[in-house]
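A.B. asks: Quick one: this structure, given as structure tokens, is what I'll be asking you about.
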Amino acid sequence: MKDSNFLKEHNARSMWHPMAHPADSLANPPTIVTSAQGVRITDIDGHEVVDAVGGLWNVNLGFSCAPIKAAIAAQLDRLPYYSTFRGTSNDAVIELSEELRRFFAPDGLTRAFYTSGGSDSVETALRLARQYHKIKGQGQRTKFLSLKKGYHGTHFGGASVNGNANFRTAYEPLLAGCHHIPAPYTYRNPFNESDPAKLAQLCLAALEDEIAFQGANTIAAFIMEPVLGAGGVIPPHETFMPGVREICTRHGILLIADEVITAFGRTGSWSGSRHWGVQPDFMCTAKAITNGYFPFGAVMIAEEVAQVFESDRTGAAAIGHGYTYSGHPVGAAAALACLAETERLNVTENAAARGTQLYDGLQALAAKYDIIGDVRGGHGLMCALELVSDRARKTPIDKKTIGTVQEVAYRAGAMVRVSGPNIIMSPPLILTAEDVQIILSALDAGFAAL
Ligand SMILES: Cc1ncc(COP(=O)(O)O)c(C=O)c1O
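Residue numbers for the sequence shown follow this note's numbering, so the first one is 21 and each next one is one higher.
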């Protein structure tokens with residue numbers, strides 16, 4: 021590896037960073053992370069901090085998970101790659117499929133379709149949803165509904181159901197037939213309603229209204245995150261997702277749960293759908309399926325949907341979709357080891373306990389600093405602070421101020437993520453109570469520095 025002077029000099033010079041302006045990356049070079057242990061990352065200057073971002077919502081078991089590393093190394097030695105396109109399979113992916121079927125049985129999901137990541141998983145679910153209706157002779161059901169503020173990755177399908185202009189405008193026109201309803205976001209919503217239960221009912225009424233307007237028989241699926249993540253951690257009221265399920269079922273619309281963040285324990289339940297007592301028709305997973313150590317994902321498919329495909333005798337259910345890396349044996353081996361370790365450590369318990377501690381601590385910070393307009397969380401280890409320059413008016417904070425909070429917090433011991441006016445936290449699920457305290461103290465230092 022080149023020395024640190026070389027690396028700093030060339031930082032962002034010959035690469036473009038995702039979700040960043042190239043000129044900004046050159047003017048403000050990104051932090052160069054060179055190693056990690058447990059829940060801590062170390063940068064090129066040897067500065068070590070608690071990673072309150074958890075990689076990118078994916079390193080649930082921390083950076084030192086030996087069984088996953090060993091499984092990847094062993095699989096690379098034994099069979100580093102083979103395709104799962106028609107005609108071939110591999111041992112690791114067969115075993116993984118049985119394990120996932122067991123793990124997701126309470127969610128009613130019994131088949132897996134493999135991908136290389138979250139955006140691929142969303143694309144897969146959207147495409148299979150349309151095909152499902154075509155097999156059933158309802159090919160006019162092509163539209164998709166979703167939530168404003170929702171994040172579903174960056175492929176054209178996912179970007180089209182995305183509910184944030186930052187990921188849309190520069191890439192328009194997007195897919196036709198995608199329509200959005202208001203998110204159950206109590207801090208800001210078009211109904212001016214701050215009561216979560218009432219807001220959930222208003223959003224459900226908006227969904228009914230949109231379905232009536234579009235015509236139920238033109239809609240393929242509704243896609244939502246059980247707890248909205250990248251949009252600023254927006255947990256809906258407990259009645260919301262069950263309400264969506266009931267409406268979708270009544271209108272013959274498939275429900276896609278985008279659990280790229282929430283599957284495998286982050287909410288304090290094994291899946292976000294289970295957290296709300298809902299069984300979706302498709303579930304998109306990725307990220308923590310391999311603890312972030314290998315790019316991999318799985319779309320889980322409900323038994324009823326699987327039956328429609330598998331009982332087709334017309335040829336309409338032939339799947340014209342898939343990726344070179346679908347069912348990659350190294351990814352499958354990583355996922356197998358990761359699932360075993362995730363269950364052995366029973367991470368949901370710690371995610372719930374540490375999530376409560378973090379959420380309570382953030383609320384204490386909000387009592388101390390007026391700049392914190394809203395604190396969101398309370399469902400496992402996903403929390404956000406929404407910053408405002410005027411609390412009464414809810415004026416969004418400027419980029420420079422929130423950048424200062426992040427920078428000072430980093431120097432004080434914690435990496436947090438900034439997204440628009442939000443500071444987002446999604447640490448590894450193996451975090452200790454002391455680690456939570458370090459994050460809270462670092463943020464306190466960040467706010468005190470303003
Ligand atoms: C809910 C959700 N869906 C999809 C994606 C896209 O995943 P990827 O970045 O792996 O393509 C993300 C990424 O954060 C996500 O949070």
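Backbone N, C-alpha and C fix where the C-beta goes; we use that ideal spot for every residue, glycine too.
1. Ile-61 by DSSP, collapsed to three states: which one?
2. Straight-line CA distance for Ser-446 to Met-21?
3. With a threshold of 7 Å (Cβ to nearest heavy atom), would Asp-278 be considered close to ligand 1?
4. Which ranges does the beta strand (DSSP E) cover as unbroken runs of at least 3 residues, wholly within the segment 44-131, from first to last along the chain?
5. When every heavy atom of ligand 2 is checked, does at least one fall within less than 7 Å of the C-beta of Glu-245?
6. Report yes if the CB atom of Ala-240 is closer than 8 Å to the CB atom of Arg-188, and no otherwise.
7. Please report the Cβ distance between Phe-316 and Tyr-389, rounded to the nearest whole angstrom; I am assuming they are in contact, meaning their Cβ atoms lie under 8 Å.
8. Give the secondary structure of Ser-439 by DSSP, where H, G and I count as helix, E and B as strand, and everything else as coil.
9. Quick check on the DSSP output: the alpha helix (DSSP H) that includes Val-264 runs from which residue to which?
10. For Glu-68, does the count of other Cβ atoms within 10 angstroms reach 16, so buried, or fall short, so exposed?
11. Specify, as a first and last residue, the run of the alpha helix (DSSP H) that Leu-407 falls within.
12. Ligand 1 and Trp-36: does any heavy atom of the ligand fall closer than 7 Å to the residue's C-beta?
13. Could you pull out every residue in the same chain whose Cβ sits closer than 7 Å to the Cβ of Pro-349, ignoring the five residues on either side in sequence?
14. Give a yes or no on contact between the segment 74-83 and the segment 355-370, applying the rule of three or more CB pairs nearer than 8 Å.
15. Below 7 Å, is the gap between the Cβ of Gly-249 and the nearest heavy atom of ligand 1?
16. For Ala-308, which residues from the same chain have a beta carbon less than 6 Å from its beta carbon, with the 5 sequence-adjacent residues on both sides left out?
17. Does DSSP classify Gly-178 as helix, strand or coil?
18. Rounded to a whole number of angstroms, what is the C-alpha to C-alpha distance between Val-264 and Leu-224?
19. Would DSSP call Gly-285 helix, strand or coil?
20. Among Tyr-345, Ile-443, Leu-274, which one has its Cα closest to the Cα of Ala-322?
21. Since I believe Ala-190 is in contact with Lys-169 (beta carbons under 8 Å), could you give me their beta-carbon distance rounded to a whole number of angstroms?
22. List the endpoints of the continuous beta strand (DSSP E) containing Ser-472.
23. Specify the secondary structure class of Gly-393 as computed by DSSP and reduced to three states.
24. What is the residue span of the beta strand (DSSP E) that Gly-317 lies within?
25. Does the Cβ of Lys-12 lie closer than 7 Å to at least one heavy atom of ligand 1?
26. State the beta-bridge partners of Ala-453 as determined by DSSP.
27. Give me the DSSP bridge partner(s) of Thr-344.
28. Is the segment 36-43 touching the segment 411-428, taking contact as three or more C-beta pairs under 8 Å?
29. Under the three-state reduction of DSSP, which class applies to His-153: helix, strand or coil?
30. Helix, strand or coil for Phe-329 per DSSP?
31. Any heavy atom of ligand 1 closer than 7 Å to the CB of His-172?
32. Applying the 10 Å Cβ sphere with the 16-neighbour rule, what's the burial state of Ala-132?
33. Near Arg-60, which residues of its chain fall below 7 Å by C-beta distance, leaving aside the five closest residues on each side in sequence?
34. Quick one: what does DSSP say Phe-211 is sitting in, helix, strand or coil?
35. For Ile-309, which three-state DSSP category applies?
36. Reducing DSSP to helix, strand and coil, say where Asp-229 ends up.
C.D. replies: Taking the structure as given:
1. Ile-61 falls in the strand class under three-state DSSP.
2. Spanning the alpha carbons of Ser-446 and Met-21 requires a straight line of approximately 30 Å.
3. Because some heavy atom of ligand 1 lies under 7 Å away, the Cβ of Asp-278 counts as near it: yes.
4. If we require 3 residues or more, the beta strand (DSSP E) runs fully inside the segment 44-131 come out as 53-57, 60-63, 68-71.
5. Although ligand 2 was asked about, the structure shown includes only ligand 1 as ligands.
6. Contact flag unset, no.
7. Incorrect: roughly 40 Å between the Cβ atoms, too far for contact.
8. Strand, per DSSP.
9. Annotation for Val-264: the continuous alpha helix (DSSP H) segment containing it runs 260-271.
10. Exposed.
11. Careful: Leu-407 lies outside any alpha helix (DSSP H), inside the beta strand (DSSP E) at 403-410.
12. Trp-36 Cβ: outside cutoff for every heavy atom of ligand 1.
13. So the list reads Gln-95, Leu-99, Tyr-101, Tyr-102, Asn-110, Ala-112, Val-113, once near-sequence residues are dropped.
14. Cβ pair count under 8 Å is three or more, so yes.
15. Taking non-hydrogen atoms of ligand 1 into account, the C-beta of Gly-249 is found less than 7 Å away from one of them.
16. By the criterion of a C-beta distance shorter than 6 Å, Ala-308 is surrounded in its chain by Asn-78, Asn-80, Phe-284, once the five residues flanking it on both sides are discounted.
17. Here Gly-178 carries a helix assignment [DSSP, helix/strand/coil].
18. C-alpha separation (whole angstroms): 7 Å.
19. DSSP, read as helix, strand or coil, puts Gly-285 in coil.
20. Residue Leu-274 is the option with its Cα nearest to Ala-322.
21. Contact annotation, Lys-169 with Ala-190: C-beta distance approximately 18 Å; criterion of less than 8 Å not satisfied.
22. The structure shown does not extend to residue 472, since the chain spans only 21 to 470, so no value can be given for it.
23. If DSSP states are grouped into helix, strand and coil, Gly-393 belongs with the strands.
24. For Gly-317, the uninterrupted beta strand (DSSP E) segment begins and ends at 317-322.
25. With the chain covering 21 to 470 only, the question about residue 12 has no answer from this structure.
26. None; Ala-453 has no bridge partner.
27. Within the DSSP bridge table, the entry for Thr-344 names no partner.
28. In this structure the segment 36-43 does not lie against the segment 411-428, because fewer than three pairs of beta carbons, one per stretch, are closer than 8 Å.
29. Helix.
30. Phe-329 carries a helical assignment under DSSP once its states are collapsed to helix, strand and coil.
31. Within the cutoff, so yes.
32. Per the 10 Å Cβ criterion, buried.
33. Around Arg-60, the same chain offers Glu-68, Val-69, Val-70, Asp-71 as residues with beta carbons nearer than 7 Å, after the five sequence neighbours per side are excluded.
34. Coil.
35. Ile-309 falls in the helix class under three-state DSSP.
36. If DSSP states are grouped into helix, strand and coil, Asp-229 belongs with the helices.
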